[in-house]
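In order, the protein sequence lines correspond to chains A, B and C. Numbering-wise, the numbering used here puts 437 at position 437 of the first sequence, and it's gapless, one number per residue. All you need for the numbering used here is the position in the second sequence, starting with 1, plus 463. All you need for the numbering used here is the position in the third sequence, starting with 1, plus 926. By construction, the Cβ of each residue, glycine as well, lies at the ideal position given by its N, Cα and C atoms. Everything below concerns the one structure shown next.
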Amino acid sequence: MGDFFQKYLKSCQTFATNMRLRLPLLCIILEVILIILFGTLVEYNVDTDAKLWNANKNQSATRHDYENEFYYRYPSFQDVHVMIFVGFGFLMTFLQRYGFSSVGFNFLIAAFSLQWATLMQGFFHGMHHGKIHVGVTSMINADFCTGSVLISFGAVLGKTSPVQLLVMAIFEVTLFAVNEFILLTILGANDAGGSMTIHTFGAYFGLVVTRVLYRPNLDKSKHRNSSVYHSDLFAMIGTIYLWMFWPSFNSAITNYGDPQHRTAMNTYYSLASCTLATFAFSALVNPEGKLDMVHIQNAALAGGVAVGTAGEMMLTPFGSMIVGFLAGTISVLGYKYLTPVLESKLKIQDTCGIHNLHGMPGVLGAVVGAVTSALASPAVYGNGLQRVFADGEPGEWNAQSRGGFQAISLVVTLGMALIGGLVTGGYKVGKCSECMLPLGKSFDLIYFKFTTVIILCHSNERI
Amino acid sequence: MGDFFQKYLKSCQTFATNMRLRLPLLCIILEVILIILFGTLVEYNVDTDAKLWNANKNQSATRHDYENEFYYRYPSFQDVHVMIFVGFGFLMTFLQRYGFSSVGFNFLIAAFSLQWATLMQGFFHGMHHGKIHVGVTSMINADFCTGSVLISFGAVLGKTSPVQLLVMAIFEVTLFAVNEFILLTILGANDAGGSMTIHTFGAYFGLVVTRVLYRPNLDKSKHRNSSVYHSDLFAMIGTIYLWMFWPSFNSAITNYGDPQHRTAMNTYYSLASCTLATFAFSALVNPEGKLDMVHIQNAALAGGVAVGTAGEMMLTPFGSMIVGFLAGTISVLGYKYLTPVLESKLKIQDTCGIHNLHGMPGVLGAVVGAVTSALASPAVYGNGLQRVFADGEPGEWNAQSRGGFQAISLVVTLGMALIGGLVTGGYKVGKCSECMLPLGKSFDLIYFKFTTVIILCHSNERI
Amino acid sequence: MGDFFQKYLKSCQTFATNMRLRLPLLCIILEVILIILFGTLVEYNVDTDAKLWNANKNQSATRHDYENEFYYRYPSFQDVHVMIFVGFGFLMTFLQRYGFSSVGFNFLIAAFSLQWATLMQGFFHGMHHGKIHVGVTSMINADFCTGSVLISFGAVLGKTSPVQLLVMAIFEVTLFAVNEFILLTILGANDAGGSMTIHTFGAYFGLVVTRVLYRPNLDKSKHRNSSVYHSDLFAMIGTIYLWMFWPSFNSAITNYGDPQHRTAMNTYYSLASCTLATFAFSALVNPEGKLDMVHIQNAALAGGVAVGTAGEMMLTPFGSMIVGFLAGTISVLGYKYLTPVLESKLKIQDTCGIHNLHGMPGVLGAVVGAVTSALASPAVYGNGLQRVFADGEPGEWNAQSRGGFQAISLVVTLGMALIGGLVTGGYKVGKCSECMLPLGKSFDLIYFKFTTVIILCHSNERI
């Protein structure tokens, strides 16, 4: 086996000179594939097709332009869009060396993922007579899926090339769509704000990938990871935009009317409460009582993650605030006490601390969702029960079983994320004889030689 | 009395070591109180409650989801939210030393204030059978009240700890709600964009507080207050966001239909006109004809403040532009000629110049509102009169009396702000024997020893 | 003639001392004129007038507040507003020396242009019984026209004073309105997103002006034009905001319902595809395979420009992605190979590369629009045909002639832009005997001496 590796390591040197072509070729090939698939599979839906929308209008006298889903969802879509491109992009600029990388690569991965996600989500749970129908709802869903990829990006920031990130996105988007299909379609779970599908999945997927790509000498370049004054202000732009628009994020694809309104409000209160918890515990865990920028920038957002599932339910502002407070607390404590342990003991280098912002709060959100579902009753929801729970038909409603399915959904999500991350990142097969780095199945080369056994020293993979 | 002070000054030393616990404890205690009060007092309103919204829908065949107030107000809410967190937060980053403080503390105070404001505003003018009903309108109102606190923050930036700011917010939010109750409910005044309730109140409240906290040696650290290239660009982010979204701010809680539409447009024209006045007078008052960044960043916004009351009325674009031009002019002249006098003669250190941006333009807006009300007639407003003026019933309309009540509202607001600021900031009772700083009733310790007579040297109060 | 120039060149020295008054006086005079014209010409439209809106409501029982155009267009307006003030403003901050100039002057020109555009657009195609009616649609149109001026600003950034920019805006807005009148009213062309009226017009107008203002020694100060780390991050704020909100830009004034929805979605896919093309070709044209910040910041937006005309048509996501891919490709290639040639051979100094971002993609968009129109059929559009093409009446529809009129519109636009730019920039009449700079009809002095023959050495024109 040693000879086998040596042979491939030498070929790495040849690859290195070809690397300047890898990103352009991958981008062009991917986009051409996307265009062909869109050409054969994608169609306008009723609300975006000139013929269909106006045909329907004539048939039914009560259908008006203001009933087009555009007016219900487009403002929320734009807020979500800002979160994906400004929020996630700038949040990661706090690392001074990676400021432009984080915004720029974020831009590239997101632009790819939203197209790929449209296809994958359409394929798994949006086919109509062999065609994928698109409209503002599919645009929001594609942005959601992109968000999950960007969460994982936060874990591997600083040790991955854009090529690797694109390959990761191909896998992650696909698995995201499968997991979403299992949860929403098969198990009938509620997860409008994506505590499970987006945050838990994205976080644990990313953590496994960063584990596989473990680089012991990353510590030596830690000065790169330090933040400076201006990078902190740029990062606050990301934080604040995520914080402000989270109510739109969680409510973007809930049902019209009271569910959308209620979800936005629950999220608003959860975030406000979470922010006070974050400031409190950030000062508390510091020996001098100083506030830690990283906590403020990240943990204050955990309240949005934690009401992603239950936000559309009758959680009440009171309940939302309790959930937000808990989320902020565990997030700060995670940054302080858990992240160092993850790195030293489990060799998980979580660059942006996504376990604290998306992982644990996501799991909390799933649990809160299961409990809130299990407590839901027709007495509280009235005629609105079925508008929140699709299976909430009068007389047949079983809150406990609903809560159970929510809990199963969390387990499925964790399983999918862990296995998916492992497959994507590749398993460890040895060490580079030259630089002592672990060698993985170099997932970013799959596309290049159409083989799964190519071994490449990670230190050569940087573009 | 001297002994009395000495005793307390010594105890300050002990406090100093405990200070690292003050912020965390205050945050936790406040949030716990908020959660308990929300649990006992706050309920979903008709538009956010699953049972109530869907019950109503069945009773009336004409009630559709698109009539939920969410679709009328939520886009405006998000714009207001951006103004509060990005606009106010980044506007104050022009002081290079306080860049992160301004964004970070802005975040903390706002997150607290919007929760506290929901309770106070609900308590004073939103109780329904002993419960506070919440929805997107209450969210906007809470953000408005928060805006007032942040205006005051602009006057004391650089000489207050987050603990002091939180205590100031507790008092100011409460008095804001009382003043709002007097104006809108008792006097029946119009003030949708808050020229009086938000801007005039916030500005004069803050000016009194900063007067009480006067620190003569603040001059010595004036180099801290200087701006640099990048801090100016960050501040422009704040300015531009406030400028762009001000039409949404002024129109966020006006009546549906023409008033909301008209308010947004009047504000748009007022701001455009104000901007030209600002550039003109900024260059004019400079000996070399150079533009002053601080004027551009602040005075260009005065046009939004000055149509806060009259914007929903038939002010016409023509009238809005005149008001905007005047507002920009007095604001620039205020920065140039009044601010230095306020500091040297009246010992009012107005760090961000809120008197020029919110104080004088707010008073101008109140006067414009009173005049426009006094000129309102059924001939101009037609059937729309009552949609702008709640008491504009046909046959009983008295424009002059309406104008009079608007004028009284301004006087009440000024009185409330001045007394409120004085009570909150505390009165001056002596000087610190050590550092010669004035001693005030240390308002930020009230929560700590449950007494109003604790005296603490301000120089020790910094966290 | 030499004497003639010498005489005027001396008078320049006197002017220099008066220059500090030029900007203030121009701003004040312009704003006063605007206010007078608004007072005599502008009225609220049906949707913003208290009497008219509520009168209509009573007449027709089916008219509800949610039918006010405010709710259909205002969220889009706010997105467009953000693009104009944040997007264009910050996009140009990549030049480190001109960071504040670009944001600040952008602010001034935009605030003026939107007022002047309201008048000009109303005058040429919005008069009702001698009055200009205003509402949210006129606000969007005014912002669109402003966008065109800001595009031209990108070509002359760094060699023009704010006074010159304001004078350019006076001319350009007027010609924009004339061109728009010819295209939309006379030729009946479709151009909702302004591929022709905004981008092509603004780009070629600006290129001619910068040609006239050619300064050979601009090269010497090229270090001023270099970008630095933070200026790149600020520029990315501009880029990302333009990118995210472009779907709102293109759909802001299309018909309600399916056209608005479809336009937003087509733009979304075009931009995503364009971004991948931009990353691919940016790396490909670099000898080391590195990404060029300027390409990412600009070319990724070309996809929005290129679907400005066809976006509202049944272009399909597939077609949009192809257009976006082409737009990104030609834009990057333009930056790499065409811009240097334009400067060295044609003496066109295109500071921000507007030819690559707006010029060529705008022409591409016009061509795509003409082709898509020529292919439009009742079979595809059904009853929706007339909602996209105003002249799409059943039985009388002639797709080929529609395509022809679209093509003519492009030619008209190019002609208007070139002639307009020449008139505005002034023709070259000689060289300054002192500094060898070319002398043009100094357009920014027209207002000052009410003559068209004043000659002023450009090197003295800087304020």
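1) Alpha carbon to alpha carbon, what distance is there between V1029 (chain C) and H1007 (chain C)?
2) For T1189 (chain C), which residues from the same chain have a beta carbon less than 6 Å from its beta carbon, with the 5 sequence-adjacent residues on both sides left out?
3) Within the continuous alpha helix (DSSP H) that includes E806 (chain B), where are the two ends?
4) Could you give the distance in angstroms between the alpha-carbon of K1273 (chain C) and the alpha-carbon of L1348 (chain C)?
5) Determine which residues of the stretch 1312-1323 of chain C have a Cβ less than 8 Å from any Cβ of chain A, and write them out in chain order.
6) What residues from chain A crowd round D512 (chain B), counting only those whose CB sits closer than 7 Å?
7) Name the residue from B:H592, B:N604, B:V630 and B:E635 whose alpha carbon lies nearest to the alpha carbon of V612 (chain B).
8) Name the two residues that bound the continuous beta strand (DSSP E) containing H1221 (chain C).
9) Where F181 (chain A) and P361 (chain A) are concerned, what is the direct C-alpha to C-alpha distance, given to the nearest angstrom?
10) Could you tell me whether the Cβ atoms of V1134 (chain C) and L1344 (chain C) are closer together than 7 Å?
11) Counting only beta-carbon separations shorter than 7 Å, does D143 (chain A) have a partner in chain B?
12) Can you have a look at A1305 (chain C) and say buried or exposed, based on whether 16 or more other CB atoms are within 10 angstroms of its CB?
13) Rank C:C1071, C:G1056 and C:N1192 by C-alpha distance to the C-alpha of G965 (chain C) and give the top, closest one.
14) May I ask you to report which of helix, strand or coil DSSP gives I1334 (chain C)?
15) Could you tell me which uninterrupted beta strand (DSSP E) segments, each at least 3 residues in length, are contained entirely in the stretch 584-621 of chain B, listed from first to last along the chain?
16) Chain C beta carbons: is any one of them nearer than 7 Å to that of C274 (chain A)?
17) Please determine if the stretch 538-557 of chain B and the stretch 702-713 of chain B are in contact, where contact requires at least 3 C-beta pairs separated by less than 8 Å.
18) Relative to the C-alpha of K977 (chain C), which candidate in B:E859, B:D606, B:A839 and B:Q541 has its C-alpha closest?
19) State the Cα-Cα distance for the pair V411 (chain A) and G550 (chain B), rounded to the nearest angstrom.
20) Throw me the rounded Cβ distance for the D510 (chain B) and H261 (chain A) pair, which I believe falls under 8 Å.
21) Helix or strand or just coil, what does DSSP make of Y1194 (chain C)?
22) Counting only C-beta atoms, is Q760 (chain B) closer than 7 Å to chain A at any point?
23) Taking the C-alpha atoms as reference points, what is the distance between G154 (chain A) and I109 (chain A)?
24) Beta-carbon within less than 7 Å of A302 (chain A)'s beta-carbon, same chain only, minus the 5 sequence neighbours each way: which residues are those?
25) In terms of DSSP beta bridges, what is Y970 (chain C) paired with?
26) Run through chain C and tell me which residues come within less than 8 Å of P75 (chain A), C-beta to C-beta.
27) What residue does the alpha helix (DSSP H) around I1403 (chain C) start on, and which one ends it?
28) DSSP three-state call for P24 (chain A): helix, strand or coil?
29) Give the residues of chain B in contact with W979 (chain C), contact being defined as C-beta atoms less than 7 Å apart.
30) With distance defined between alpha-carbon atoms, name the residue in B:Q760, B:G767, B:G621 and B:S733 nearest to T663 (chain B).
31) What's the C-alpha gap between M1170 (chain C) and T1277 (chain C)?
32) By DSSP, does W709 (chain B) sit in helix, in strand, or in coil?
33) Which chain C residues are close to F70 (chain A), counting only those with a beta carbon under 8 Å from its beta carbon?
34) Between the stretch 833-844 of chain B and chain C, which residues of the former have CB atoms less than 8 Å from a CB of the latter, in chain order?
35) Alpha helix (DSSP H) containing E1238 (chain C): first to last residue?
36) List the whole-angstrom C-beta distance separating Q760 (chain B) from T673 (chain B), where the pair is believed to meet the contact cut-off of C-beta under 8 Å.
From the atom records:
1) Working through the third sequence from its first residue, we reach residue 1007 (chain C) at position 81. Working through the third sequence from its first residue, we reach residue 1029 (chain C) at position 103. Looking at the two C-alpha atoms, the distance is approximately 14 Å.
2) For the purposes of this step, residue 1189 (chain C) is taken as the residue at position 263 of the third sequence. For T1189 (chain C), where only same-chain residues beyond five positions count, the Cβ hits under 6 Å are N1176, S1177, T1180, G1237 and E1238.
3) Numbered from its first residue, the second sequence carries residue 806 (chain B) at position 343. For E806 (chain B), the enclosing alpha helix (DSSP H) stretches over residues T802 to L809.
4) By one-based count along the third sequence, residue 1273 (chain C) stands at place 347. By one-based count along the third sequence, residue 1348 (chain C) stands at place 422. Straight-line Cα distance between these residues: approximately 14 Å.
5) R1313 and V1314
6) Taking the second sequence and counting its residues from 1, the one referred to as residue 512 (chain B) is at position 49. Those are D258, listed as they occur along chain A.
7) Position 149 of the second sequence, counting from 1, holds the residue named residue 612 (chain B). For V612 (chain B), the nearest C-alpha among the options comes from B:E635.
8) Residue numbering aside, residue 1221 (chain C) sits at position 295 when the third sequence is read from its first letter. Not the beta strand (DSSP E): H1221 (chain C) falls in the alpha helix (DSSP H), residues M1219 to A1225.
9) Here residue 181 (chain A) refers to the residue found at position 181 of the first sequence. Here residue 361 (chain A) refers to the residue found at position 361 of the first sequence. In a straight line, the C-alpha of F181 (chain A) is about 22 Å away from that of P361 (chain A).
10) If you number the third sequence from 1, residue 1134 (chain C) lands on position 208. If you number the third sequence from 1, residue 1344 (chain C) lands on position 418. Cβ distance < 7 Å, so V1134 (chain C) and L1344 (chain C) count as in contact.
11) In the first sequence, residue 143 (chain A) corresponds to position 143, counting from 1. Closer than 7 Å: no.
12) As a working note, residue 1305 (chain C) is residue 379 in the third sequence. That one is exposed.
13) In the third sequence, the residue the question calls residue 965 (chain C) occupies position 39. Checked all of C:C1071, C:G1056 and C:N1192; the closest Cα to G965 (chain C) is C:G1056.
14) Counting from one through the third sequence, the residue named residue 1334 (chain C) turns up at place 408. The three-state secondary structure of I1334 (chain C), taken from DSSP, is helix.
15) 594-597
16) In the first sequence, residue 274 (chain A) corresponds to position 274, counting from 1. For C274 (chain A), the answer is no, since every Cβ of chain C falls outside 7 Å of its Cβ.
17) yes
18) Counting from one through the third sequence, the residue named residue 977 (chain C) turns up at place 51. That would be B:A839, whose Cα lies nearest to the Cα of K977 (chain C).
19) Here residue 411 (chain A) corresponds to residue number 411 of the first sequence, with the count starting at 1. Here residue 550 (chain B) corresponds to residue number 87 of the second sequence, with the count starting at 1. Computed Cα separation, rounded: 42 Å.
20) Working through the second sequence from its first residue, we reach residue 510 (chain B) at position 47. Working through the first sequence from its first residue, we reach residue 261 (chain A) at position 261. By a beta-carbon distance limit of 8 Å, D510 (chain B) contacts H261 (chain A). Their separation comes to about 6 Å.
21) As a position in the third sequence, residue 1194 (chain C) is number 268, starting the count at 1. The answer is helix: DSSP assigns Y1194 (chain C) an H, G or I state.
22) Translated into positions along the second sequence, residue 760 (chain B) becomes position 297. No, Q760 (chain B) lies away from the interface with chain A (no Cβ there is under 7 Å from its Cβ).
23) The residue labelled residue 154 (chain A) in the question sits at position 154 within the first sequence. The residue labelled residue 109 (chain A) in the question sits at position 109 within the first sequence. If I take the Cα positions, the gap works out to 12 Å.
24) Mapped onto the first sequence, residue 302 (chain A) falls at position 302. For A302 (chain A), where only same-chain residues beyond five positions count, the Cβ hits under 7 Å are C274, A327, G328, S331, L357 and P361.
25) Residue numbering aside, residue 970 (chain C) sits at position 44 when the third sequence is read from its first letter. DSSP lists C:V1060 as partners of Y970 (chain C).
26) Here residue 75 (chain A) corresponds to residue number 75 of the first sequence, with the count starting at 1. Chain C residues near P75 (chain A): P1001.
27) Because chain C is modelled from 927 through 1389, residue 1403 (chain C) falls outside the range shown and cannot be assessed.
28) Counting from one through the first sequence, the residue named residue 24 (chain A) turns up at place 24. In this structure, P24 (chain A) counts as helix in the three-state DSSP scheme.
29) As a first step, residue 979 (chain C) is located in the third sequence; it is residue number 53 there, counting from the start. Near W979 (chain C) (Cβ distances below 7 Å), the residues of chain B are G720, D721 and G847.
30) Here the question's residue 663 (chain B) lines up with position 200 in the second sequence. The candidate whose alpha carbon is nearest that of T663 (chain B) is B:G767.
31) Within the third sequence, numbered from 1, the residue matching residue 1170 (chain C) stands at position 244. Within the third sequence, numbered from 1, the residue matching residue 1277 (chain C) stands at position 351. Distance between the alpha carbons of M1170 (chain C) and T1277 (chain C): 24 Å.
32) Here the question's residue 709 (chain B) lines up with position 246 in the second sequence. Reduced to three states, the DSSP call for W709 (chain B) is helix.
33) Residue mapping note: residue 70 (chain A) aligns to position 70 of the first sequence, counting from 1. Those within 8 Å of F70 (chain A) in chain C are G1183, Q1186, H1187 and A1190.
34) V843 and Y844: these are the residues of the stretch 833-844 of chain B whose beta carbon lies less than 8 Å from some beta carbon of chain C, given in chain order.
35) By 1-based counting over the third sequence, the position of residue 1238 (chain C) is 312. Note, E1238 (chain C): premise wrong, no alpha helix (DSSP H); not H, not E.
36) Numbered from its first residue, the second sequence carries residue 760 (chain B) at position 297. Numbered from its first residue, the second sequence carries residue 673 (chain B) at position 210. With 8 Å as the limit, Q760 (chain B) and T673 (chain B) do not qualify as a contact, their Cβ atoms being about 19 Å apart.
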